[in-house]
Amino acid sequence: MTLSSSNAEGVISLDENKVKEKKKSDFSRLKHQKVLLIWTAILTVYGIIFYYLPLGGWIMAFQNYRPKDGLLHSKFVGLEKFKLLFSDVSFLRVIRNTLAMGIINLIVTFVMAIVFAILLNEVSHRGGKKVVQTISYLPHFLSWIIVTGILHDALSGNGIINQLMLNFHLISQPINFFAHEKFFWPIVAFANVWKETGWNAIIYLAAITSIDPSLYEAAAIDGAGRWAKIKHVTLPSLKPTIMILLLMNVGNVLNAGFEIQYLLGNGLVQNVSQTIDIYVLKWGISQGDYSLGTAAGIFKSVVSIILIVFFNQMAKRHGEERLF
Amino acid sequence: MRQKLVSALLLASMVGTALTGCGSKASAAGGAVNKDGIKEFTAFFAVPGNEINDDNEIQQLIAEKTGCKVKETWLTGQTNEEAIGTLIAGGEYPDFVDGGDATVQLYEAGALVPLDDYIDKYPNIKEFFTDQEWDSLRQSDGHIYWIPQFSNIYGEERECTHNDEAFWIQTRVLKWAGYPEIHTLDQYFDLIEKYYESNPTMEDGTANIPYTILCDDWRYFCLENAGEFLDGYPNDGSVIVDTDNNKIVDYNTTPTTKKYFEKLNEEYKKGIVDPESFTQTYDEYIAKLSTGRVLGMVDQWWDFSSNAEDAIKTAGLDKAGCNYVPLPITIDEGMKNQWHNSGGVLNVSSGLGITTSCKDVEGALQFVNDLLGQEVHDLRFWGVKGEDYEVGDDGMYYRTPEERANVADTAYKASHSCPYSYFPQWLGTSRDGKNAMKPEGQEQEFYDGLPDTVKECFDAYGVKTYVEMLGTNPAPGPWYPMYTYSSTMTTATPGGTAWALMDEIKHQYLPKVVMADNFETGWDEYMKAYESCKPEDFISEMQTELERRIEVAKKYE
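Heads up: the protein sequence lines correspond to chains A and B, in order.
With the first letter of the first sequence counted as 1, position 78 gets the number 78 in our numbering; the numbers rise by one all the way through.
With the first letter of the second sequence counted as 1, position 494 gets the number 494 in our numbering; the numbers rise by one all the way through.
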C-alpha cells in the first residue's frame, strides 16, 4: 500500500533510472513475497465464494420468488416486498424487540465483562484466580438449547428460584416467569450475562496483564490506593481495547439472538420475544415466502452496516481507536 | 525448497476441497444397490418418530422379501414447515417424503414426481383408493403427487381405540366416584374438583395436577378447538359445518366456545387448571402425564398414547388407575356428541410422495406396492409368527403376556419391529376375512391387553373399547373433514393470510383469556384483536371450498 502511493507521488521528480530501479525492486519484492501473495489470493477467492457470491440471492427480495421457477424465471416485483414488510405491524414490533434486546444485552454483557475482569485482576491468590476464571468461562461452550433447558427448570413453578423465594417469604405464590411479558427481556439479558461474561473477560484480562507495572508503582508512590489505581491506571489503559470491542459489538446489535428467543418464547410473550431472525424463519422458511424473508434479512444487514460506519465515524471524531 | 513444496501441496489440497465443495453432493440413495443386492432408499417424514436400529430384524426380513430397504428419518426440534422449507431451500430431497401440513409447499416447489401414470401398474396401490378418492387427490395441475397413508379401511371396520381428540380422565377418578355418567363440561370439572379436594396427592405423596392444557406451538388444539365438539359437531378442525344449510360457521365466536373458556377461566382461578399450562413444552407435558399426576386434559390420543400411556404402563402406574379413558362431553345434557367418526377419514392434504431426487421411481413404487401385500403387511404390524404373535385354533391372532410386554418396550421395538409407519397401510379386516389388519383392531386381543384398571372401568360402563365410551357416528357429509383444506392454505390468498393471523392472535390471547382476572374484559379484548384479522376472509374461502366439495361429490352419486 505505502509502496504504491509513494511511487505515484514521486514519479515525476525521479529520473528514469531511478524509476527502473524502483520497479525492479518492486518486482523482486513481489517475487519475494510470492507465498504470502498466494495465500492472500486463496483467502480472497474464499471470501468471494462464501461471502459475496451468496449475496446474489438478495435478488429474491425484488422478485416474487418461487422455488419452481428459480432465480432466473421468477417475476420481478420491484420494492413491493419491502412495502409489505414495513406495512406489517408485526415486523415493526420485531424490530423494536431486536433493538431492545440487542442494546440491553450489549450494555449488560459489556459492563459485566469489564467489571468482572477488573475484579478478577485484583484477586492476588493465583490458584483461586485460575479456578474462578476457568469456571466462569465454561458456560460459553454450552449450547443455547442446554442453557434454555436449565432456565426453564430453574424458573418453573417448582424450580429453584421460586422455591427459594417461597422459603424466604418473598412471595406467597410461585411466579410463572415465562407467562409475563415484563420478565422476558431481563431473562434473556441474564442468560447472556451468565453465559458470556467469563469468556468476554478473557480479552480484558489479557489487556490488563500487558499494562506496564511501572505505572502501578508510580501510582503507589503517589499514594494511590487500590481504587485509585483502577480508576487512574487500569481503566485508562483499557480504553483502546474497550473502544474496539464496543465498535465491533455495535454492529452486532441486530444479532440480538435467535435460539434463546426461539426456545424460550411462547404464545403469551410473542409480542416481546420475536426477533428479526425468528421473523425471517417464520415467513421465509415456514410460510414459504422466501422473498419477504430475504427482504427482512437485507434490512437487517443494511442497518448493521450503517450502525458500524456511524459509530466508527464518532470514534474517529473523538480521536479514539477505530476499526477503519 | 521443502517449504515451497509443502505450501504447494497445501494449496492444491485447498483448491481441491473448494471445488468439490461446490459440486453436488453425491448421494448414496436413490435406489442404489448395496453389497447384498438390496436397493436402499431414504425417507423423511415431517413428524416426530422413533428411529429404528440399522440391523433391525423385521426390516431385514422385509428387505429379503421385497429386495428393498428404506432408511427413515424423522422430525427433530423443528416444526414440519421449517424442516420442509429447509429441504426446498437446499433443493435436495430424500427419495420418499411426507411433509405433513407443508406437503403443498413441496408440490409448489416442483419437488414431487407425478404418480398418476404409474398407479395402474401396481395392483396393491391401485386397490388402495377408489377412483373418486384418487381424483380427490389431484392437485391444481390435474396430477396426483402423494398417497395418504392412514385411515383406509379394508373390508369391515375394526376399531377399538379412539385415536382422536377427547376430554380424557384417569380411571382412578371415575372409580373413586363410583363410575358416574359424565356428559357435560360442568359435570366433568365438578368431578375433577371433588376428587382433587379429597385426594390432593398421589399415594407416594406427589401432588396431583387436576387439569393441564398443552399449548405448545401447533399442538395448541388441546386448548383451542374443544368448542366445536362441545357443540356436538365433528372434527372439521378449523370450522363448523352447519349441516342444515351447508354453511360454514366460525366456532371461535360461538356462545359455546365462550362458555368453554369462561369455565376454564373459572377453574384457573380455583387452581384446578395447571398454572404452567401455557408455558410448558410438549416434552414437559409428556413428562408430567408419564408421572401419572395429571387427572384430566383435552388431547388427541395419538399425541400422548405412544409415549405417556406406555410410560405409565412401564412404571406400573396402571395399577393405581393412571391410564386415561375418553368421556362423551358436550356443553349441555342430552346433546349428540361426535367426538368419534367411523369410516376413516381421507386426509387429502398430505401423504407419501416421491421426490425428483429419486432415481428409481418404479423401484420405489414397487416397494410401496409390496408393503401393502398381506404377508408383508402382517410382518409390519403383527410381527413374526411365534415370536410376536400366536395363531389360535380358530385362526385368530393373539399375543402372550410376554409378547405384549415386548410391544410396549422401546428398546425391543427399535431392534426388532419395523412397521414402516408412514408408508401406506390398511385398517379394517385382513384379507383372510378374520383377523384385523392391525393388532389395535383385534377386539379380543385388544381387550385382553388392557390394564386391569381400564378393564374394570370399561366393565362398569358396559363397554369393551374406547370407541364405545364415546359412541360413534358416520361422517357427516362428503366434504368431511374441512381441515384438509385449511391446512393447505398459504398467505398467497386473503383467506390464508387471515388464517395465519388468527392463529397468531389465538396463540397469544387464548391463554390470556383463561388467566384473565375479569373474564368479560379479557374476552372483549380478545374479540377485538380477533376481528382485526378479518376472519370473514377465511370463512368465505372455506365456504367456497365446501360448495366445491359438495359439487364434486354429486358427480359420483
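The beta-carbon is built from N, C-alpha and C at its ideal position, and this holds for glycine as well.
Quantities reported herein were computed from a predicted structural model and do not represent experimental measurements.
Among the options, the one whose alpha carbon lies nearest that of residue i
{"i": "residue 458 of chain B", "options": "B:514, B:179, B:384, B:315", "result": "B:179"}
{"i": "residue 272 of chain A", "options": "A:93, A:53, A:27", "result": "A:93"}
{"i": "residue 182 of chain A", "options": "A:97, A:87, A:215", "result": "A:97"}
{"i": "residue 89 of chain B", "options": "A:25, A:88, A:289", "result": "A:289"}
{"i": "residue 468 of chain B", "options": "B:446, B:161, B:211, B:122", "result": "B:161"}
{"i": "residue 144 of chain A", "options": "A:28, A:257, A:303", "result": "A:257"}
{"i": "residue 79 of chain B", "options": "A:200, A:31, A:285", "result": "A:285"}
{"i": "residue 495 of chain B", "options": "B:101, B:543, B:72", "result": "B:543"}
{"i": "residue 287 of chain B", "options": "B:214, B:248, B:225", "result": "B:214"}
{"i": "residue 317 of chain B", "options": "B:387, B:454, B:327", "result": "B:454"}
{"i": "residue 47 of chain B", "options": "B:99, B:35, B:364, B:53", "result": "B:99"}
{"i": "residue 274 of chain B", "options": "B:486, B:207, B:173", "result": "B:207"}
{"i": "residue 150 of chain B", "options": "B:481, B:345, B:40, B:510", "result": "B:345"}
{"i": "residue 72 of chain B", "options": "B:87, B:83, B:40", "result": "B:40"}
{"i": "residue 463 of chain B", "options": "B:92, B:291, B:447", "result": "B:447"}
{"i": "residue 148 of chain A", "options": "A:170, A:110, A:195, A:166", "result": "A:195"}
Residue burial classification, residue i (beta-carbon count within 10 angstroms, cutoff 16)
{"i": "residue 380 of chain B", "result": "buried"}
{"i": "residue 101 of chain A", "result": "buried"}
{"i": "residue 558 of chain B", "result": "The first residue shown for chain B is 1 and the last is 557, placing residue 558 of chain B beyond what the model contains."}
{"i": "residue 173 of chain A", "result": "exposed"}
{"i": "residue 221 of chain A", "result": "exposed"}
{"i": "residue 350 of chain B", "result": "buried"}
{"i": "residue 535 of chain B", "result": "buried"}
{"i": "residue 154 of chain B", "result": "buried"}
{"i": "residue 138 of chain A", "result": "exposed"}
{"i": "residue 115 of chain A", "result": "exposed"}
{"i": "residue 56 of chain A", "result": "exposed"}
{"i": "residue 280 of chain B", "result": "buried"}
{"i": "residue 561 of chain B", "result": "Past the edges of chain B, shown from 1 to 557, lies residue 561 of chain B, and the structure says nothing about it."}
{"i": "residue 302 of chain B", "result": "exposed"}
{"i": "residue 12 of chain A", "result": "Residue confidence is low: residue 12 of chain A scores 48 on pLDDT, short of 50, so the model does not pin down where it sits. Its coordinate-derived value is still stated next. With fewer than 16 other Cβ atoms within 10 Å, it is exposed."}
{"i": "residue 541 of chain B", "result": "buried"}
{"i": "residue 141 of chain A", "result": "exposed"}
{"i": "residue 461 of chain B", "result": "exposed"}
{"i": "residue 72 of chain A", "result": "exposed"}
{"i": "residue 277 of chain A", "result": "buried"}
{"i": "residue 302 of chain A", "result": "exposed"}
{"i": "residue 61 of chain A", "result": "buried"}
{"i": "residue 76 of chain B", "result": "exposed"}
{"i": "residue 163 of chain A", "result": "exposed"}
{"i": "residue 308 of chain B", "result": "buried"}
{"i": "residue 299 of chain B", "result": "buried"}
{"i": "residue 58 of chain A", "result": "exposed"}
{"i": "residue 146 of chain A", "result": "exposed"}
{"i": "residue 248 of chain A", "result": "exposed"}
{"i": "residue 206 of chain A", "result": "exposed"}
{"i": "residue 172 of chain B", "result": "buried"}
Any non-hydrogen atom of the ligand MG within 6 Å of residue i CB
{"i": "residue 367 of chain B", "result": "The ligand MG is not part of this structure, which contains no ligands at all."}
For this session: Could you tell me whether the segment 513-531 of chain B touches the segment 260-268 of chain B, using the rule of 3 or more Cβ pairs below 8 Å?
Result: yes
For this session: Give the residues from the segment 270-286 of chain B that approach chain A closer than 7 Å (Cβ to any Cβ), ordered along the chain.
Result: 275, 276, 278, 279
Problem set entry | Start-end ranges of the alpha helix (DSSP H) lying completely within the segment 46-127 of chain B, minimum 4 residues | 57-66, 80-90, 103-108, 116-119
For this session: Starting from the N-terminal side, write out each stretch of the beta strand (DSSP E) that is 3 residues or longer and does not extend beyond the segment 204-292 of chain B.
Result: 209-211, 240-242, 247-249
Exercise. Do the segment 224-231 of chain B and the segment 251-258 of chain B touch if we need at least three Cβ pairs shorter than 8 Å?
Worked result: yes
Exercise. Taking a cut of 7 Å between CB atoms, which residues from the segment 305-322 of chain B lie near chain A?
Worked result: none
For this session: With 7 Å as the limit, tell me which residues of the segment 102-118 of chain B have their beta carbon closer than that to any beta carbon of chain A; keep them in chain order.
Result: 105, 108, 109, 110
Exercise. Taking three-plus beta-carbon pairs below 8 Å as touching, is the segment 114-130 of chain A in contact with the segment 251-268 of chain A?
Worked result: no
For this session: Any chance you could list the alpha helix (DSSP H) runs of at least 4 consecutive residues sitting entirely within the segment 172-200 of chain B, in chain order?
Result: 185-198
For this session: Report the residue ranges of all beta strand (DSSP E) runs contained in full by the segment 173-211 of chain A; include only those spanning at least 3 residues, in chain order.
Result: Contiguous beta strand (DSSP E) elements confined to the segment 173-211 of chain A do not occur, taking only those with 3 or more residues.
Exercise. Quick one: any contact between the segment 190-207 of chain B and the segment 266-277 of chain B, if contact means 3 or more CB pairs under 8 Å?
Worked result: Flag = yes, the segment 190-207 of chain B and the segment 266-277 of chain B touch.
For this session: Kindly provide the ranges of any alpha helix (DSSP H) runs that are 4 or more residues long and lie completely inside the segment 444-492 of chain B, ordered along the chain.
Result: With a minimum length of 4 residues, the continuous alpha helix (DSSP H) runs that stay inside the segment 444-492 of chain B are 452-461, 466-470, 483-486.
Exercise. Using a Cβ cut-off of 7 Å, which residues of the segment 146-178 of chain A contact any Cβ in chain B, in chain order?
Worked result: Contact residues of the segment 146-178 of chain A toward chain B are 156, 157, 176, 178 (C-beta to C-beta distance below 7 Å).
For this session: Using a Cβ-Cβ cut-off of less than 7 Å, give me the residues of the segment 277-289 of chain A that come near chain B, in sequence order.
Result: Listed by position along the chain: 281, 285, 286, 287, 288, 289.
Exercise. On the three-pair Cβ rule with 8 Å, is the segment 361-378 of chain B touching the segment 65-72 of chain B?
Worked result: Segments in contact, yes.
Exercise. Using a beta-carbon distance cut-off of less than 8 Å, what residues from the segment 254-271 of chain A approach chain B?
Worked result: 266, 267, 268, 270, 271
Problem set entry | Stretch-stretch touch, CB-based, cutoff 8 Å, three pairs: the segment 117-126 of chain A with the segment 298-313 of chain A | no
For this session: Indicate whether the contact test is met: 3 or more Cβ pairs, each with one atom in the segment 335-348 of chain B and one in the segment 470-481 of chain B, closer than 8 Å.
Result: yes
For this session: Check each residue of the segment 51-74 of chain A: if its Cβ is closer than 8 Å to any Cβ of chain B, include it; give the result in chain order.
Result: 66, 67, 68
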